[in-house]
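Undergrad:
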């Protein structure tokens, strides 16, 4: 069942088209990657979906409702965790609930229910500078989820992590997403990451940026570490590289 769709989104900047005629869909509970080189317009597309900018043409729909150029319908997680250094982890995570008008005590109580599920138990009263990069990203993802459990827009959420931490976070991410079933769009330029995490991948290329291919990753989730060295994985990777090079 379709959760979010974009219909022929086009955006221009100073007279030049940045992205053109982009139509994608996100089904309920899916993880879908937007894969492309830097500067192709992936973040511009996210800014349209989140309502931060108005497209020149095209519409965005959430559960069939037109949400074009309206904010607050999706959550948005950037590359940096953006945790407030002077607030404890519990207060950072529960911040979206407080902003929506919940009392701080109720917001904390609600957020605490998810700490064990997100692997954050024991960090409630710590501060961001006391956590590793991976743990901060877990907190940032939980905050994102509490802002909106409808659709999450994840803009290269693992790009700032070292390769070993990133690998561990990928496995954790697959496991937790299997539990919470959060419909998610993921921006990445990491081919391996896209194949490992996604149900489907949209290839975005060209100037202006366009969707040039859609690839279904037909592999059960959660995926094992062995998948990334399998022949099937390598076949997906070759297809993507060929598409990007063409």
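In my numbering, the protein residues as written are 36 to 281. Backbone N, C-alpha and C fix where the C-beta goes; we use that ideal spot for every residue, glycine too.
#1: Is the distance from the Cβ of residue 154 to the Cβ of residue 173 below 7 angstroms?
#2: The alpha helix (DSSP H) that contains residue 116, what's its start and end?
#3: Tell me which same chain residues have a C-beta within less than 6 angstroms of the C-beta of residue 177, skipping the five on either side of it?
#4: Have a look at 275, 77 and 198 and flag the residue whose alpha-carbon is nearest the alpha-carbon of residue 243.
#5: What residues in its chain sit with their C-beta under 7 angstroms from that of residue 169, if we drop five residues either side in the sequence?
#6: In the structure shown, what three-state DSSP assignment does residue 155 receive?
#7: Closest to residue 114 by C-alpha separation, out of 45, 171 and 65, would be which residue?
#8: Can you tell me where the alpha helix (DSSP H) holding residue 278 begins and where it ends?
#9: Residue range of the alpha helix (DSSP H) that residue 96 falls in?
#10: As an exercise, report each continuous beta strand (DSSP E) stretch of at least 3 residues that is fully enclosed by the region 223-249, in chain order.
#11: Buried or exposed: where does residue 218 fall if 16 or more other Cβ atoms within 10 Å of its Cβ makes it buried?
TA: In short, the structure shows the following:
#1: For the purposes of this step, residue 154 is taken as residue 119 along the chain shown, with counting starting at 1. For the purposes of this step, residue 173 is taken as residue 138 along the chain shown, with counting starting at 1. A contact, by the Cβ cut-off of 7 angstroms.
#2: Here residue 116 is taken as the residue at index 81 of the chain shown, counted from 1. Premise fails: residue 116 is in no alpha helix (DSSP H) and is neither H nor E.
#3: Looking up residue 177 in the chain shown gives position 142. 128, 149 and 153.
#4: The residue you call residue 243 lines up with position 208 of the chain shown. The shortest C-alpha separation from residue 243 is found at 77.
#5: Start at 1 with the first residue of the chain shown, and residue 169 comes out as number 134. Same-chain partners within the cutoff: 196, 200, 203 and 204.
#6: Sequence index remark: in the chain shown, residue 155 carries index 120 (1-based). If DSSP states are grouped into helix, strand and coil, residue 155 belongs with coil.
#7: Here residue 114 corresponds to residue number 79 of the chain shown, with the count starting at 1. Residue 171 is the option with its Cα nearest to residue 114.
#8: Along the chain shown, read from residue 1 onward, the residue named residue 278 stands at position 243. First-last of the alpha helix (DSSP H) with residue 278: 266-280.
#9: Residue mapping note: residue 96 aligns to position 61 of the chain shown, counting from 1. No alpha helix (DSSP H) holds residue 96; the beta strand (DSSP E) holding it covers 92-97.
#10: 235-240
#11: Translated into positions along the chain shown, residue 218 becomes position 183. Its Cβ being crowded by 16 or more others within 10 Å, residue 218 is buried.
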